[in-house]
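Numbering (my numbering), first residue to last: -13 to 179.
Let me begin by presenting the structure, written as structure tokens, before commenting on it.
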Ligand code: ADP
């Protein structure tokens, strides 16, 4: 059975996590942020160390351990009754992060809509990440060099995922608005998908 899925798409700092957390509180929606799955690991685990190595450089974690970990997390949430694949829509944030990951998840996800949070203002993205560095204690948000590397990785590796799924599924949302307005735009479409 494939998971009925909505993707939150956009550059680092575009607000995917903020929106995903809110959407996850609506009955029959389950939010899963891949970055949070990684951040919940302990540094003692092999994959936790791998995450620290790659994320501190602003690079993506290799695909196979990422997909394996994500599957484990979703299966854990299913077994514990937090996620009900038969009735819930999965709201994914941060995965798939490149075309290869999208291919690896082809038989797992039934993507019914993509919300593309677009920011025209790179400074907005950078400022949001820098604020988050202190608030959420995120090392990868603390250095401007790492932030720039992540924005480059997004342009090069992540953006092509939009074409993989096809433009018909994509709903563009202006990410430079206030979080409340972004939410309204998403909700207007989400009830239709
Ligand atoms: P952001 O979108 O702000 O970069 P995330 O929490 O989504 O924040 O990701 C933080 C870091 O976690 C990424 O820079 C990357 O190193 C790692 N990561 C998260 N999701 C993935 C993924 N699907 N594939 C590979 N690496 C990932």
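Every residue gets a Cβ at the ideal spot worked out from N, C-alpha and C, and that includes glycine.
Given the structure, does residue i come close to ligand 1, in the sense that its CB is under 7 Å from one of the ligand's heavy atoms?
| i | result |
| --- | --- |
| residue 31 | no |
| residue 83 | yes |
| residue 119 | no |
| residue -2 | yes |
| residue 24 | yes |
| residue 126 | yes |
| residue 40 | yes |
| residue 35 | no |
| residue 45 | yes |
| residue 19 | yes |
Would a C-beta distance cut-off of 8 Å place residue i and residue j closer than the cut-off?
| i | j | result |
| --- | --- | --- |
| residue 97 | residue 140 | no |
| residue 46 | residue 83 | yes |
| residue 42 | residue 126 | yes |
| residue 120 | residue 156 | no |
| residue 44 | residue 132 | yes |
| residue 179 | residue 171 | no |
If I follow the unbroken alpha helix (DSSP H) through residue i, where does it start and stop?
| i | result |
| --- | --- |
| residue 21 | 20 to 25 |
| residue 148 | 146 to 151 |
| residue 96 | It is not in any alpha helix (DSSP H) - residue 96 instead sits in the beta strand (DSSP E) that spans 95 to 104. |
| residue 170 | 165 to 176 |
| residue 67 | That residue, residue 67, is in no alpha helix (DSSP H); it is neither H nor E in DSSP. |
| residue 111 | 108 to 121 |
Please determine, among the options, the residue with the shortest C-alpha to C-alpha distance to residue i.
| i | options | result |
| --- | --- | --- |
| residue 7 | 14, 0, 19 and -3 | 19 |
| residue 144 | 13, 87 and 122 | 87 |
| residue 4 | 177, 166 and 178 | 166 |
| residue -13 | 177, 91 and 122 | 91 |
| residue 71 | 94, 22, 37 and 109 | 94 |
Mind checking which residues open and close the beta strand (DSSP E) that includes residue i?
| i | result |
| --- | --- |
| residue 136 | Not the beta strand (DSSP E): residue 136 falls in the alpha helix (DSSP H), residues 130 to 139. |
| residue 78 | 75 to 79 |
| residue 160 | 156 to 160 |
(message) Assess contact between the stretch -8 to 4 and the stretch 58 to 73, defined as three or more Cβ pairs (one per stretch) separated by less than 8 Å. Is contact present?
(response) no
(request) Evaluate contact between the stretch 10 to 19 and the stretch 76 to 87, counting only Cβ atoms and requiring at least three cross-stretch pairs below 8 Å. (result) yes
(request) State whether the stretch 46 to 54 contacts the stretch 101 to 120, with contact taken as three or more CB pairs (one from each stretch) at a distance under 8 Å. (result) no
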